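What follows is a short report on a single structure.
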Amino acid sequence: MSNLRDEIRRYDLYQLRALEEFMQGLIAAKKNEDRKTVWRLCDNSGICHANFREGEYLKAAEHFAVIAKELDSDPHNTIRDRELRLVAERVPESEYEGYFNG
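Residue 472 in the numbering used here sits at position 97 of the sequence shown; the count goes up by one each step and never skips.
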């Protein structure tokens with residue numbers, strides 16, 4: 376990423392304006408894409424322990440219970456350490472599979 380940033384810093388004004396126009400088009404296209412739901416199991420620190428597909432709400436809820444038991448079994452965990460959230464995040468369709476790969 377830093378190589379790309381270094382390269383962009385060398386662009387002249389014309390190139391930067393062309394890049395800006397191109398990026399605005401990409402952003403507009405993303406905003407207009409159909410969206411799908413990703414169920415995300417996240418803790419208080421912002422770590423997402425798992426992502427589940429749109430139709431896997433019950434599977435996500437079951438995994439929530441598994442993670443909650445793990446957190447509760449550690450006597451050093453505080454109330455804040457045990458805070459979990461099951462969040463429905465609406466993402467562009469082109470980004471959907473990226474939540475499950477890797």
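We put the CB at the ideal spot given by N, CA and C, even for glycine. All values reported here derive from a predicted model rather than from experimental measurement.
Rounded straight-line distance, which links the Cα of residue j to that of residue i
i      : j      : result
Arg392 : Arg457 : 48 angstroms
Arg410 : Ala403 : 14 angstroms
Ile383 : Pro450 : 50 angstroms
Leu388 : Glu408 : 30 angstroms
Tyr386 : Leu379 : 11 angstroms
Ala436 : Asn419 : 17 angstroms
Tyr474 : Ser377 : 24 angstroms
Cys423 : Met398 : 28 angstroms
Residues bridged to residue i [DSSP beta-bridge criterion]
i      : result
Leu459 : Asp418
Val466 : Lys411
Ala425 : Leu416
Residues near residue i by beta carbon distance below 6 angstroms, same chain, minus five either side
i      : result
Ala425 : Leu416 and His438
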